[in-house]
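Q: Numbering (the working numbering), first residue to last: 252 to 527.
In structure tokens, the structure reads:
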């Protein structure tokens, strides 16, 4: 383990990518959890995997294929959310199944060299390229700017859309931007950490943060902190026991979630006693 830590570039790559991915997941996760559209991330992620299959089959850029499929699916789900909300779960279920099936079939049928599907499902933070890091950094800057500049509008849209409309806030525009940002975040995160890691990081830390946060700003900060905690814990377990990094991070995040549920239950008991 000491040799790995001393290798500099290798370990530095993991840390930088983990921090950037935590910022992305912490902010986007809070937005979709507050908007009660967590399954959006899963639908978009599986659609992006289908886009990977299309790109590999056609010999095009994998990044563009994944991003194109993710954006198309995000817009379809946006339409379902704004005009057919009662059918949203059906659209998402179809997206999950179709995206995975299409990706697997087209990758298998692709001529020439067959890519390793596990690299897109489970990823590897250790082998993130400079291009991955630069794109994640640029996306994080845009994401932070959006949240800071439009915080009040985002807060209004997420928690009371009808009131936002009365205040002439362009609710459909902000929901559309959130969906598009989710698509970009999912693709960049999947490219760096894999599909499974992205889905877990977009949902678990944000939900944990929501259990303890008093407002959206606090939820952003707590979610980011929980993401970093899970990343660090997963990295430690992976290096100590020599097992898959992405899977370790997911397991650690689930463990933190269980602990958070227990803590919330204990806090609820003490609050009830105090009220009596």
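Cβ coordinates follow ideal geometry from the N, Cα and C atoms, glycine included.
Computed from a predicted structure; not experimentally measured.
Can you find the residues in the same chain that come closer than 6 Å, C-beta to C-beta, to residue 458, ignoring five residues on each side of it along the sequence?
A: 284
Q: Would residue 292 and residue 500 qualify as a contact pair, given that the criterion is a beta-carbon distance under 8 Å?
A: no
Q: Let me confirm a value: residue 305 is counted as buried when at least 16 other C-beta atoms fall within 10 Å, else exposed. Which label applies?
A: buried
Q: What are the start and end residues of each continuous alpha helix (DSSP H) run of 4 or more residues lying completely inside the stretch 259-330, in chain order?
A: Qualifying alpha helix (DSSP H) stretches, in chain order: 260-285 and 289-309.
Q: Quick one: using the 10 Å Cβ neighbour count with 16 as the cut-off for buried, is residue 455 buried or exposed?
A: Classification for residue 455: buried.
Q: May I ask you to report which of helix, strand or coil DSSP gives residue 254?
A: The predicted model places residue 254 with a pLDDT of 45, which falls under 50 and marks its position as unreliable; any figure quoted below should be read in that light. Of the three classes helix, strand and coil, the one that applies to residue 254 here is helix, per DSSP.
Q: Would residue 376 pass as a contact of residue 269 if the rule is Cβ separation under 8 Å?
A: yes
Q: Using CA coordinates, which residue listed in 309, 328, 320 and 452 is at the minimum distance from residue 357?
A: 309
Q: Exposed or buried, what is residue 405 when buried is set at 16 or more other beta-carbons lying within 10 Å of its beta-carbon?
A: buried
Q: Work out the CA separation of residue 386 and residue 264 for me, nearest whole Å.
A: 14 Å
Q: Within a Cβ cutoff of 6 Å, which residues of the same chain sit near residue 422, ignoring the five residues on either side of it in sequence?
A: Take residue 422, set aside five residues on each side of it, and the residues of its chain with a beta-carbon closer than 6 Å to its own are 408, 412, 415 and 416, in chain order.
Q: Throw me the rounded Cβ distance for the residue 388 and residue 271 pair, which I believe falls under 8 Å.
A: 6 Å
Q: Suppose only complete runs of 4+ residues qualify. What are the alpha helix (DSSP H) ranges in the stretch 465-518, listed by chain order?
A: 467-492
Q: Pop quiz: residue 438 and residue 346 are said to be a contact at Cβ under 8 Å. What is the actual Cβ separation, rounded to whole angstroms?
A: No, residue 438 and residue 346 are not in contact; Cβ-Cβ is about 14 Å, not under 8 Å.
Q: Going by other Cβ atoms of all chains shown within 10 Å of its Cβ, with 16 needed for buried, is residue 513 buried or exposed?
A: In summary, residue 513 is exposed, with fewer than 16 beta-carbon neighbours lying within 10 Å of its beta-carbon over all protein chains present.
Q: Compute the Euclidean distance between the alpha carbons of residue 463 and residue 473, then round it to the nearest angstrom.
A: Looking at the backbone, the Cα of residue 463 and that of residue 473 are separated by about 8 Å.
Q: Please look up how many angstroms separate the CB atoms of residue 461 and residue 470, rounded, as I've assumed it's under 8 Å.
A: 6 Å
Q: Excluding the 5 residues flanking residue 520 on each side, which residues of the same chain have their C-beta closer than 6 Å to its C-beta?
A: none
Q: Using a 10 Å radius around the Cβ and a threshold of 16 neighbouring Cβ atoms, would you call residue 296 buried or exposed?
A: Looking at its Cβ environment, which holds 16 or more other Cβ atoms inside 10 Å, residue 296 is buried.
Q: Buried or exposed for residue 494, going by 16 or more other Cβ atoms inside 10 Å?
A: exposed
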